[in-house]
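UniProt numbering puts the first residue of the sequence shown at 1, with every later residue one more than the last.
Even for Gly, the Cβ is constructed at its ideal location relative to N, Cα and C.
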Amino acid sequence: MSRYRVSMDIGGTFTDVIGYDETTGRYHVGKSSTTPDDLTRGVLTALESLVDSPRDISFTVHGTTQGLNAFLERRGVKVLLLASKGAGDTYHIARGPRTRLYDLHFRKPEPLVPKRDIVEIGGRFDAAGEELEPLDEQAVREAARRYREGGFGAIAVAYLFSYLNPAHELRTREILLEELGSEVTVSLSHEAAKEWREYERTSSAVVEAYTGPVVRRYLERLEANLKERGLTVPMHVMQSSGGILTAESARRRPLQTLLSGPVGGAMGGVELARAIGRPNLIGVDMGGTSFDVSLVIDGQPDISPEANIEGLPMLMSVVNIHTIGAGGGSVAWLEAGGLRVGPRSAGATPGPACYGRGGTEPTVTDANLVLGRIDPDWFAGGTLDLDTEAARRALDTVGQGLGLDTLAIAEGVCDVANAKMAQAIRTITVSRGIEPREFTLVAFGGAGPMHAVFLARELGIKEVVVPRFPGAFSAWGMLQTDIRKDFSDTYFHLDADLDGADMAARLRGMAEEGLASLAGEGVPEENRRVEHAVDIRYAAQEYTLTVPLTDADEPAAEGFVEVIAKRFAQQHETRYGHANLGAPIEFVTLRTTAFGDLGRGAAEQVGEAQGPDFAHETREVVFDGQARPTILVRREALSAGHSFEGPAIIVESTATTVVPPGFSVSVDPIGSLVVRNTEEEQ
Numbered sequence: 001m002s003r004y005r006v007s008m009d010i011g012g013t014f015t016d017v018i019g020y021d022e023t024t025g026r027y028h029v030g031k032s033s034t035t036p037d038d039l040t041r042g043v044l045t046a047l048e049s050l051v052d053s054p055r056d057i058s059f060t061v062h063g064t065t066q067g068l069n070a071f072l073e074r075r076g077v078k079v080l081l082l083a084s085k086g087a088g089d090t091y092h093i094a095r096g097p098r099t100r101l102y103d104l105h106f107r108k109p110e111p112l113v114p115k116r117d118i119v120e121i122g123g124r125f126d127a128a129g130e131e132l133e134p135l136d137e138q139a140v141r142e143a144a145r146r147y148r149e150g151g152f153g154a155i156a157v158a159y160l161f162s163y164l165n166p167a168h169e170l171r172t173r174e175i176l177l178e179e180l181g182s183e184v185t186v187s188l189s190h191e192a193a194k195e196w197r198e199y200e201r202t203s204s205a206v207v208e209a210y211t212g213p214v215v216r217r218y219l220e221r222l223e224a225n226l227k228e229r230g231l232t233v234p235m236h237v238m239q240s241s242g243g244i245l246t247a248e249s250a251r252r253r254p255l256q257t258l259l260s261g262p263v264g265g266a267m268g269g270v271e272l273a274r275a276i277g278r279p280n281l282i283g284v285d286m287g288g289t290s291f292d293v294s295l296v297i298d299g300q301p302d303i304s305p306e307a308n309i310e311g312l313p314m315l316m317s318v319v320n321i322h323t324i325g326a327g328g329g330s331v332a333w334l335e336a337g338g339l340r341v342g343p344r345s346a347g348a349t350p351g352p353a354c355y356g357r358g359g360t361e362p363t364v365t366d367a368n369l370v371l372g373r374i375d376p377d378w379f380a381g382g383t384l385d386l387d388t389e390a391a392r393r394a395l396d397t398v399g400q401g402l403g404l405d406t407l408a409i410a411e412g413v414c415d416v417a418n419a420k421m422a423q424a425i426r427t428i429t430v431s432r433g434i435e436p437r438e439f440t441l442v443a444f445g446g447a448g449p450m451h452a453v454f455l456a457r458e459l460g461i462k463e464v465v466v467p468r469f470p471g472a473f474s475a476w477g478m479l480q481t482d483i484r485k486d487f488s489d490t491y492f493h494l495d496a497d498l499d500g501a502d503m504a505a506r507l508r509g510m511a512e513e514g515l516a517s518l519a520g521e522g523v524p525e526e527n528r529r530v531e532h533a534v535d536i537r538y539a540a541q542e543y544t545l546t547v548p549l550t551d552a553d554e555p556a557a558e559g560f561v562e563v564i565a566k567r568f569a570q571q572h573e574t575r576y577g578h579a580n581l582g583a584p585i586e587f588v589t590l591r592t593t594a595f596g597d598l599g600r601g602a603a604e605q606v607g608e609a610q611g612p613d614f615a616h617e618t619r620e621v622v623f624d625g626q627a628r629p630t631i632l633v634r635r636e637a638l639s640a641g642h643s644f645e646g647p648a649i650i651v652e653s654t655a656t657t658v659v660p661p662g663f664s665v666s667v668d669p670i671g672s673l674v675v676r677n678t679e680e681e682q
């Protein structure tokens with residue numbers, strides 16, 4: 001009988017798998033090195049360390065960075081873009097803002113489709129969605145011939161006002177499938193993003209077409225491998241929005257999986273916030289390659305209706321995650337007489353010098369090892385023996401250039417990496433009017449707990465929480481989320497002209513569509529629900545805020561405009577530091593989100609400590625240039641109620657937690673390490 005709920009998360013260095021045993025209520029973790037040449041191999045290896053057979057799996061979800069990596073590394077497919085006649089330059093004109101005012105070398109982001117690969121197609125709707133000119137079907141057929149002859153891998157279709165009337169886009173797809181066969185990838189802008197703003201909608205369709213074939217091939221290969229080994233349940237995929245979809249749905253809408261990998265940790269933060277009673281969290285996920293920062297505010301994930309990556313916009317719901325190139329594998333190097341760390345990473349192969357896989361460049365992991373902050377005999381649960389002398393030799397290559405000894409350059413590498421990561425946290429908090437000192441810092445990823453307390457000290461944060469299985473926390477978070485499907489409808493109305501009954505009717509229609517869509521995801525009717533919101537702005541403003549509604553019928557209630565205006569003003573005050581209650585507001589977009597509950601594993605309680613003592617040893621670890629006697633303890637030796645003073649090193653199979661002097665550690669009922677600044681408490 002299938003009994004494991006399993007999630008799989010691929011990182012730049014390690015692939016993590018976590019399973020929840022539905023019969024015992026316990027979690028188990030598997031881990032393997034990421035295999036860049038064939039990612040499915042690393043997933044299957046990690047899975048084999050956890051379950052005897054995929055037949056034992058009752059539910060599975062996967063986070064993938066395939067689409068994001070293809071986008072960032074510019075290795076997607078060649079795309080042919082079909083645009084409305086007379087509007088072919090929309091994608092290249094883009095927007096006018098100069099994002100770096102004082103950069104003399106500023107250039108607009110490079111589009112994914114060159115102008116020579118844009119074909120204008122006759123046919124036009126007006127701004128009310130009424131047809132002005134019929135679709136030029138012959139031009140579409142000629143575009144299909146160009147696709148065949150030009151070595152293209154996908155087609156994006158973005159016509160004017162298709163979000164109001166998609167008839168021409170739908171007919172274009174029919175013709176393309178007739179001409180090119182059913183295997184051709186066609187992305188329609190009204191399906192990728194059913195919203196106003198032609199450039200952003202076109203960009204969304206292009207990104208989906210560019211990355212879609214890469215994502216589809218990967219998911220098909222992984223799903224086929226799992227089914228060959230006995231998997232009998234549908235595979236689910238994490239979305240950028242924090243929800244999940246079946247792999248079949250993800251293949252149809254691959255844009256939604258673009259940020260699939262990093263989002264799992266953010267959703268784990270939401271469940272952790274509920275479990276530990278702390279509604280405001282800053283999540284920091286440090287792996288081998290990158291450092292991701294996310295927020296939980298009032299118990300909810302920080303979600304935006306659009307994303308901007310590498311300067312290219314996409315209209316889709318996305319958990320706000322700020323990412324920089326700072327991980328355990330980040331390489332230290334010299335430039336203009338100064339020490340730099342990252343963004344280049346040694347990755348999984350060859351990896352840090354201490355891995356003994358042929359790497360010779362110094363990394364953050366090498367620095368921590370030399371300082372004594374990593375146990376070389378029990379790294380990754382003892383599956384990888386570390387070479388301390390190789391790490392010393394690598395660090396000396398940069399230390400000599402600065403006249404520093406090995407320990408000094410090792411601390412310097414950690415300090416530079418910490419400064420970069422602290423600035424990343426400020427970018428997603430302070431720059432948005434959010435005070436980080438009012439939040440608890442949650443550290444996860446293989447290297448996150450190693451640096452988190454130093455970041456908290458830098459930012460004035462008083463408490464750090466390290467959850468169980470921190471190296472696999474993103475995978476754990478994927479098991480804590482729902483099926484999610486997002487729907488939007490452009491709805492331009494000034495407050496003075498609003499027909500509340502009409503808005504409510506539109507929202508009810510969207511709710512029906514959303515609830516019906518969950519049937520295809522296998523969600524029982526009693527486990528379906530919807531939430532509604534509306535994008536609002538002050539009249540004549542450019543940017544909107546998404547304001548939640550209590551239900552679909554709220555707009556029809558008496559006094560709705562006054563209530564929603566006050567709600568919008570409060571949100572505007574929080575976000576921008578000012579508001580203008582009473583000024584005209586404009587409704588722009590209606591949003592409905594459908595959720596489906598497929599169950600989840602509960603947070604596992606750990607045993608109570610039978611006394612203050614626990615098994616540990618003492619080693620010398622360097623802090624602030626001085627070797628100090630430091631507690632070294634395996635996390636499995638700690639139980640709920642244990643507490644002790646730093647300095648301390650807590651090691652486990654998925655991560656290492658470093659607690660410098662001046663901080664205390666306690667273990668809560670679900671096994672989280674809670675680290676507090678004892679110097680400030682005094």
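Exercise for the section: Please go through the region 177-256 and give each complete beta strand (DSSP E) segment of 3 or more residues, from N-terminal end onward. Expected result: Listed in chain order, the beta strand (DSSP E) elements of length 3 or more contained wholly in the region 177-256 are 186-188, 235-238, 244-246.
Problem - Three-pair Cβ contact test at 8 angstroms for the region 260-275 versus the region 428-437 - result: No, they do not touch.
Exercise for the section: Would you identify the three-state DSSP class for Ile-564, choosing helix, strand or coil? Expected result: Counting from 1 along the sequence shown, the entry for residue 564 is found at position 564. Here Ile-564 sits in helix by DSSP.
Exercise for the section: Kindly indicate which three-state DSSP category Lys-115 falls into: helix, strand or coil? Expected result: On the sequence shown, position 115 is the one that residue 115 refers to. Here Lys-115 sits in helix by DSSP.
Handout entry: Enclosing alpha helix (DSSP H) for Ile-297 [first to last residue]
Key = The residue labelled residue 297 in the question sits at position 297 within the sequence shown. Looking at the DSSP string, Ile-297 is not in any alpha helix (DSSP H); the run it does join, the beta strand (DSSP E), is 291-297.
Practice task
Name the two residues that bound the continuous beta strand (DSSP E) containing Asp-489.
Solution key: Here residue 489 corresponds to residue number 489 of the sequence shown, with the count starting at 1. For Asp-489, the enclosing beta strand (DSSP E) has its first and last residue at 483-494.
Problem - Residues near Thr-574 in its chain [Cβ-Cβ closer than 8 angstroms; skip 5 each side] - result: The count along the sequence shown starts at 1 and reaches residue 574 at position 574. Here the set comprises Gly-433.
Exercise for the section: State the start and end residues of the unbroken alpha helix (DSSP H) segment that holds Glu-389. Expected result: Walking along the sequence shown from the start, residue 389 turns up at place 389. Segment 388-402, the alpha helix (DSSP H) holding Glu-389.
Exercise for the section: List the residues that DSSP assigns as beta-bridge partners of His-168. Expected result: Counted from its first residue, the sequence shown places residue 168 at position 168. Answer is none; His-168 lacks a bridge partner.
Exercise for the section: Would you please state the rounded distance, in angstroms, between the beta carbons of Thr-185 and Gly-153? I believe it to be under 8 angstroms. Expected result: For the purposes of this step, residue 185 is taken as the residue at position 185 of the sequence shown. For the purposes of this step, residue 153 is taken as the residue at position 153 of the sequence shown. Sure, about 7 angstroms apart at Cβ, within 8 angstroms.
Problem - Per-residue burial, Ser-162 [other beta carbons within 10 Å of its own, 16 or more giving buried] - result: Here residue 162 refers to the residue found at position 162 of the sequence shown. Of the other Cβ atoms in all chains shown, 16 or more fall within 10 Å of the Cβ of Ser-162; this residue is therefore buried.
Practice task
With distances taken Cα to Cα, identify the nearest neighbour of His-28 among Gly-311, Trp-476, Met-286, Asn-368.
Solution key: For the purposes of this step, residue 28 is identified with residue 28 of the sequence shown, where counting begins at 1. Per the Cα distances, Trp-476.
Handout entry: Pair within 7 angstroms by beta-carbon distance, Leu-518 and Gly-596
Key = Within the sequence shown, residue 518 is the residue found at index 518, counting from 1. Within the sequence shown, residue 596 is the residue found at index 596, counting from 1. Taking a C-beta distance under 7 angstroms as the contact criterion, Leu-518 and Gly-596 qualify as a contact pair.
Practice task
Using three-state DSSP, classify Lys-31 as helix, strand or coil.
Solution key: Translated into the one-based positions of the sequence shown, residue 31 becomes position 31. In the three-state scheme derived from DSSP, where H, G and I count as helix and E and B as strand, Lys-31 is classed as strand.
Problem - N- and C-terminal bounds of the beta strand (DSSP E) containing Ile-93 - result: Along the sequence shown, one-based indexing puts residue 93 at 93. Per DSSP, Ile-93 belongs to no beta strand (DSSP E); it is in the alpha helix (DSSP H), 90-93.
Practice task
Kindly indicate which three-state DSSP category Asn-368 falls into: helix, strand or coil?
Solution key: Counting from 1 along the sequence shown, the entry for residue 368 is found at position 368. Residue state, collapsed to three classes: helix.
Handout entry: Validate contact between the region 302-320 and the region 332-352 using beta carbons, cut 8 angstroms, 3 pairs
Key = Taking 8 angstroms as the limit for Cβ pairs, the verdict is that the region 332-352 does not touch the region 302-320.
Handout entry: Closest Cα partner of Gly-607 within the set Arg-528, Gly-601, Gln-256, Pro-669
Key = For this step, residue 607 is matched to residue 607 along the sequence shown. Put simply, of Arg-528, Gly-601, Gln-256, Pro-669 the residue whose alpha carbon is nearest the alpha carbon of Gly-607 is Pro-669.
Problem - the region 16-27 in contact with the region 42-56 per 3-pair CB rule at 8 angstroms - result: Yes, the region 16-27 is in contact with the region 42-56.
Exercise for the section: Please list, in chain order, all residues of the same chain as Ala-127 whose beta carbon is under 7 angstroms from its beta carbon, the five residues on each side excluded. Expected result: By 1-based counting over the sequence shown, the position of residue 127 is 127. Result list for Ala-127: Phe-161, in chain order.
Handout entry: For Thr-427, the three-state DSSP class (helix, strand or coil)
Key = Residue 427 sits at position 427 when you count from the first residue of the sequence shown. Correct three-state label for Thr-427: helix.
Practice task
Pick out the complete alpha helix (DSSP H) segments inside the region 297-382, 4 residues or longer, and give them in chain order.
Solution key: The region 297-382 contains these whole alpha helix (DSSP H) runs: 364-370.
Practice task
Would you check if the distance between the CB atom of Ala-424 and the CB atom of His-322 is smaller than 7 angstroms?
Solution key: In the sequence shown, residue 424 corresponds to position 424, counting from 1. In the sequence shown, residue 322 corresponds to position 322, counting from 1. Yes.
Problem - Outcome for Gly-288 when other beta-carbon atoms lying within 10 angstroms are tallied against a minimum of 16 - result: Position 288 of the sequence shown, counting from 1, holds the residue named residue 288. Per the 10 Å Cβ criterion, buried.
Practice task
With a 10 Å radius around its C-beta and 16 neighbouring C-beta atoms as the bar for buried, classify Gly-514 as buried or exposed.
Solution key: To locate residue 514, count along the sequence shown from 1; it is residue 514. By the 10 Å Cβ count, Gly-514 comes out buried.
Exercise for the section: Apply the 10 Å Cβ neighbour rule to Gln-682 and answer buried if 16 or more other Cβ atoms are within range, or exposed otherwise. Expected result: Position 682 of the sequence shown, counting from 1, holds the residue named residue 682. Here the model assigns Gln-682 a pLDDT of 49, short of 50, so the residue's position is not dependable and the matter cannot be decided.
Exercise for the section: Can you grab the Cα-Cα spacing for the pair Asp-117 / Ala-346, in whole Å? Expected result: Along the sequence shown, one-based indexing puts residue 117 at 117. Along the sequence shown, one-based indexing puts residue 346 at 346. Looking at the two C-alpha atoms, the distance is approximately 36 angstroms.
Problem - Residues sharing a beta bridge with Gln-626, DSSP - result: Along the sequence shown, one-based indexing puts residue 626 at 626. Here Gln-626 is bridged, per DSSP, to Phe-623.
Handout entry: Exposure of Thr-99, with buried meaning 16 or more beta-carbon neighbours within 10 Å
Key = The sequence position of residue 99 within the sequence shown is 99, counting from 1. So Thr-99 ends up on the exposed side.
Handout entry: Same chain, Cβ closer than 6 angstroms to Ala-583, neighbours up to 5 away in sequence not counted
Key = The residue labelled residue 583 in the question sits at position 583 within the sequence shown. Excluding positions up to five away in sequence, the list reads Tyr-538.
Practice task
Would you check if the region 100-117 and the region 253-263 touch, i.e. whether three or more CB-CB distances between them fall below 8 angstroms?
Solution key: Segments in contact, no.
Exercise for the section: Measure the C-alpha to C-alpha separation of Ala-640 and Arg-600 and round it to an integer number of angstroms. Expected result: Taking the sequence shown and counting its residues from 1, one reaches residue 640 at position 640. Taking the sequence shown and counting its residues from 1, one reaches residue 600 at position 600. Taking the straight line joining both Cα atoms gives about 23 angstroms.
Practice task
Give the DSSP-derived three-state secondary structure of Phe-587 in the structure shown.
Solution key: Taking the first residue of the sequence shown as 1, we reach residue 587 at position 587. Phe-587 falls in the strand class under three-state DSSP.
Exercise for the section: Whole angstroms is fine: what's the gap from Asp-553's alpha carbon to Leu-581's? Expected result: Locating residue 553 in the sequence shown gives position 553, counting from the first residue. Locating residue 581 in the sequence shown gives position 581, counting from the first residue. Computed Cα separation, rounded: 24 angstroms.
Practice task
Please name the residue or residues paired with Thr-440 in a DSSP beta bridge.
Solution key: For the purposes of this step, residue 440 is taken as the residue at position 440 of the sequence shown. DSSP lists Leu-281 as the bridge partner or partners of Thr-440.
Problem - Any non-hydrogen atom of the ligand COA within 6 angstroms of Glu-178 CB - result: This structure does not include the ligand COA; it has no bound ligands of any sort.
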